[in-house]
């Protein structure tokens, strides 16, 4: 009986256990695996290890054109690619993605590889600035 | 009055997963129950033969959400047995810590669902409130709430820092306190006893004959817990299996409730004895041979059979899950019970249909 009265008084003056979602969003822990946010297109050597190790085949790496692409909703966020990357240049964001009706891809394009032997050309190709294009449904 | 057939499921408020039971009824009494499963078959065993054996760790983790970590653990243990990989001591203890955290969250989920199945909403919410703390600590330590993906062939992916260990200990201590308060309701409340005591009695001999596993078997007095065989680091930890002898739904509830405390004790002991060192043994090559691994999931014994042929693809992967072993005992308990008790009886075997159908 006294337990119950104590509980009633406690419940009247304590904060609710639930959150007022979507206005109050839970703080995600720092090392949470939310989603892969992309790579550093300049540091990446486009070796394709992440593509081979990805359990859901969500990553496509093109060594010739120097592009790295991930299908975000195919990714199961296991962080295998982050672990195996020899350059440690795949970034993971702690924020979880919300559901969507559209396909979501992240495309990272590196600048063209500098030629090993300097070609005797009149004009040298201008190195492009790194482009990290994001085609996102949640943008 | 003639017989009536009531289709119970596949969509029913008490069932989180699709299981259909055709109940042959006379008045309010069940005469016979005819199960029909196959609504969530995904062909995971076949898919495992077409994927790299390392990718399969993530695949088998998705056999079932609630015991995901232990599916990966048993698969990794099977591959390690084939390739004769000795894993580091620290990894063995880490595996126990995460497995027991998973056991707590599974048992709390079950206790909540049980309370919900007989309409005790506030108890359901109290239990799930404490479960949320376990989910949060899983996310803090491993990065994900359910699919923690900590196990890999040769050890673990992740390590626990000193601070994370403290966090885990604080969380399990607070869950312990919460459960001590809730325990009074489960053990003394009139409503709970009225709905559970003497309902669905499964005597020890019949439980043994039907091959019942896990908490179901232990509630019927069978002392059978795979953890006592000492896989991972369980051999270095001290514990006794929780056993009840009544064999009714209340006994099953008590077994799972006391196993929450047992898991908390195991986590404390494992963190206390956690050795320093590596968490992963590097290895090379592909598995060649076959292995059978059995271990104790929250719901009971799981069996993994792996046959490999020296390439990166496996020849065969066979999974026998605890719910598959417990379904015959459910069909034994249902005849003679009243329709109102059917949801409680289905819940007491802790059904996981995704596991069963894979």
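Chains as they are written, first to last, in the working numbering: chain A, 154 to 292; chain B, 84 to 441. Don't be surprised by glycine CBs; every beta carbon is placed ideally from N, CA and C.
- In the DSSP assignment, residue 346 of chain B falls within the unbroken alpha helix (DSSP H) covering 332–356.
- Taking 8 Å as the Cβ-Cβ cut-off, the stretch 218–242 of chain A approaches chain B at 229, 230, 231, 232, 233 and 236, given in chain order.
- By the C-beta criterion, the stretch 374–386 of chain B is judged not to be in contact with the stretch 106–114 of chain B, since fewer than 3 inter-stretch pairs fall below 8 Å.
- Spanning the alpha carbons of residue 228 of chain B and residue 342 of chain B requires a straight line of approximately 21 Å.
- With fewer than 16 other CB atoms across the displayed protein chains lying within 10 angstroms of its CB, residue 173 of chain A is exposed.
- Proximity of residue 212 of chain B to chain A, defined by a Cβ-Cβ separation below 8 Å, is satisfied.
- Per the coordinates, the alpha-carbon of residue 271 of chain B lies some 12 Å from the alpha-carbon of residue 263 of chain B.
- Ranking B:115, B:410 and B:139 by CA distance to the CA of residue 398 of chain B puts B:139 first.
- For residue 104 of chain B, the number of other beta carbons within 10 angstroms of its own is at least 16, and it is reported as buried.
- Against chain A, a Cβ distance below 7 Å from residue 158 of chain B picks out nothing, because the smallest value is about 13 Å.
- With its beta carbon less than 8 Å from one in chain A, residue 222 of chain B belongs to the interface.
- The residue among B:427, B:85 and B:441 with its C-alpha nearest the C-alpha of residue 91 of chain B is B:427.
- For the set A:226, A:192, A:262 and A:204, the Cα lying nearest the Cα of residue 251 of chain A is the one of A:226.
- Of all C-beta pairs linking the stretch 292–310 of chain B to the stretch 164–171 of chain B, fewer than three are shorter than 8 Å, placing the two stretches out of contact.
- Using a Cβ-Cβ cut-off of 8 Å, residue 177 of chain B does not count as an interface residue toward chain A, since no Cβ of chain A sits closer than that to its own.
- The alpha carbon of residue 218 of chain A has as its nearest neighbour, out of A:165, A:262 and A:193, the alpha carbon of A:262.
- In this structure the stretch 202–214 of chain B does not lie against the stretch 227–247 of chain B, because fewer than three pairs of beta carbons, one per stretch, are closer than 8 Å.
- For residue 188 of chain A, the enclosing beta strand (DSSP E) starts and ends at 188–192.
- Looking at the backbone, the Cα of residue 264 of chain A and that of residue 362 of chain B are separated by about 38 Å.
- Nearest in C-alpha terms to residue 187 of chain B, of all of B:400, B:429 and B:344, is B:344.
- Residues of the stretch 122–149 of chain B whose Cβ lies closer than 9 Å to any Cβ of chain A, in chain order: 134, 135, 137, 138, 139, 140, 141, 142, 144 and 145.
- A direct Cα-to-Cα measurement between residue 235 of chain A and residue 425 of chain B gives close to 48 Å.
- The stretch 317–324 of chain B and the stretch 126–139 of chain B do not touch, with fewer than three beta-carbon pairs separated by less than 8 Å.
- As a beta-bridge residue in DSSP terms, residue 388 of chain B pairs with B:375 and B:401.
- Membership of residue 203 of chain A in the alpha helix (DSSP H) is indicated by the continuous run 202–206.
- With contacts defined by Cβ atoms closer than 8 Å, residue 176 of chain B and residue 357 of chain B form a contacting pair.
- Remark: C-beta atoms of residue 239 of chain B and residue 174 of chain B approach each other more closely than 8 Å.
- For residue 238 of chain B, no Cβ of chain A is located within less than 8 Å of the residue's own Cβ.
- In the structure shown, the three-state DSSP call for residue 234 of chain B is strand.
- Per the coordinates, the alpha-carbon of residue 359 of chain B lies some 8 Å from the alpha-carbon of residue 172 of chain B.
- Between residue 282 of chain B and residue 148 of chain B, the alpha-carbon positions lie close to 29 Å from each other.
- Among the residues of chain A, those whose CB is under 8 Å from the CB of residue 227 of chain B are 185, 186 and 230, following chain order.
- Think of a sphere of 9 Å around the beta carbon of residue 257 of chain B: no beta carbon from chain A falls inside it, the nearest being about 13 Å out.
- DSSP places residue 294 of chain B in the coil class of the three-state scheme, outside both helix and strand.
- In this structure, DSSP gives residue 103 of chain B an extended state, which the three-state scheme calls strand.
- Assignment of residue 147 of chain B by DSSP, reduced to helix, strand and coil, places it in the coil class.
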